[in-house]
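Encoded as structure tokens, the structure appears first; notes follow it.
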Amino acid sequence: MTAQTRDPGPARPVPVIEIRNLHKSYGNLEVLKGVDMVAPKGHVVSLIGSSGSGKSTLLRCANLLEDSQDGEILFEGEAVRWRGEGLARHPADKAQVIRIRTNLSMVFQQFNLWSHMTILQNVMEAPVTVLGRPRAEVEEAARRYLAKVGIGDKCDAYPAQLSGGQQQRAAIARALCMEPRALLFDEPTSALDPELEQEVVRVIKALAEEGRTMLLVTHDMRMAADVSDHVIFLHQGRIEEEGPPDRLFGAPQTDRLRQFLSATA
Ligand code: ADP
Ligand code: MG
1 MTAQTRDPGP ARPVPVIEIR NLHKSYGNLE VLKGVDMVAP KGHVVSLIGS
51 SGSGKSTLLR CANLLEDSQD GEILFEGEAV RWRGEGLARH PADKAQVIRI
101 RTNLSMVFQQ FNLWSHMTIL QNVMEAPVTV LGRPRAEVEE AARRYLAKVG
151 IGDKCDAYPA QLSGGQQQRA AIARALCMEP RALLFDEPTS ALDPELEQEV
201 VRVIKALAEE GRTMLLVTHD MRMAADVSDH VIFLHQGRIE EEGPPDRLFG
251 APQTDRLRQF LSATA
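UniProt numbering applies: residue 1 is where the sequence shown begins, and numbers increase by one.
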């Protein structure tokens, strides 16, 4: 019993999300071609890249909204169990999928608020019906999160009565009210006019400063540079370049990233 004599060093915290060699195809179209990615606890990882490079697909795979054909996905160190292989591969365990998905809240470009519910009802819905938390406790949390994103006075309004920026902030409050382990954002500011974009950027920055774990797909390079600990540049389903934002934006190493950055500037 002397094999374990090496000092393992300080324990590395288990990442919230870890993806290894992920392959994803739609029929014959291979969209992700072996992607490795880690979202450590308390870190913000941004995904950038041209339209069609696979950013949304990667986010949806991380959230188990999509099947994938090969590779591993781990949530807090727990590997997703699969059955079948190739295009027939699916997560094997429905309860595991639900557990992982309810711990990863997603914010979409198009807000996706329920139009027939008030803002407060929108924020309360999933914690009450999906998680089964007590209504009074959820209402208190919902009001707190709506105040936090600056729309505490809009609880009784309907989505159509809010600006796009307010609707997106309501969607962020809704995601927070699930008390997720990580927040996943898919282009949260791209449907907004520039002046409304900033109010959402400010909320995302504040969440980053709080030490929330986030995976952020964005076309907004300024926001990515400001909030990220790590930036991943996807090109045609592969990670072309990645690193800390200073290096990625300040000293890009590949022609493709240089071209991408000059096209988006
Ligand atoms: P991005 O978010 O970087 O713009 P996506 O992940 O949305 O890219 O898409 C990557 C590629 O996958 C694109 O070629 C897109 O047309 C294709 N794609 C995305 N979703 C589907 C789908 N449900 N069925 C077939 N092809 C899809
Ligand atoms: Mg997309």
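Heads up, the beta-carbon is just placed ideally off N, CA and C, and yes, glycines get one too.
If you draw a straight line from the C-alpha of I17 to the C-alpha of A39, how long is it? 5 Å
Where T2 falls, given that 16 or more other Cβ within 10 Å makes a residue buried: Because the pLDDT at T2 is just 48, under 50, the model does not fix this residue reliably, and the value given afterwards should be weighed accordingly. Per the 10 Å Cβ criterion, exposed.
Cβ of K55 versus every heavy atom of the ligand MG: is any distance shorter than 6 Å? yes
Restricting to runs no shorter than 3 residues, where is the beta strand (DSSP E) found entirely within the region 153-201? 182-186
Host alpha helix (DSSP H) of G250 (start-end): 245-250
Under 8 Å by Cβ, that's how I've got I73 and I19 pegged, so tell me the actual separation to the nearest angstrom. 5 Å
Does the beta-carbon distance from T57 to V31 come in below 7 Å? yes
So, under 8 Å CB-CB, H230 and E187 are touching, yes? Tell me the CB distance rounded to an integer number of Å. In fact, because the Cβ distance is near 18 Å, the residues do not count as touching under 8 Å.
Can a CB atom of chain D be found closer than 7 Å to the CB of L58? You won't find chain D in this structure, because it holds only one protein chain.
Could you say which of L234, A265, R222 lies nearest to D246 if we only look at CA atoms? R222
Taking all protein chains shown into account, decide if S53 is buried (16 or more other Cβ within 10 angstroms of its Cβ) or exposed. buried
Sorry if obvious, but does the Cβ on S51 come closer than 6 Å to a heavy atom of the ligand ADP? yes
Where N21 and K33 are concerned, what is the direct C-alpha to C-alpha distance, given to the nearest angstrom? 8 Å
Of the listed residues D226, L120, P13, L47, nearest to T157 (C-alpha basis): The sequence as given places Ala at residue 157; Thr does not occur at that position. Minimum Cα distance to A157 is reached at L120.
For W82: DSSP bridge partner residues: P91
Assigned secondary structure, T2 (DSSP; H/G/I helix, E/B strand, else coil): Any reading at T2 is ruled out, since the residue's pLDDT is 48, under 50, leaving its predicted position unreliable.
Thinking C-alpha only, which one of P13, E66, R12 is nearest Y26? E66
Using DSSP's beta-bridge definition, name the partner residues of V241. It is worth fixing the name first, because residue 241 is Glu in this sequence and not Val. F233, per the DSSP bridge assignment.
Would you check whether the ligand ADP has a heavy atom nearer than 6 Å to the C-beta of Y158? no
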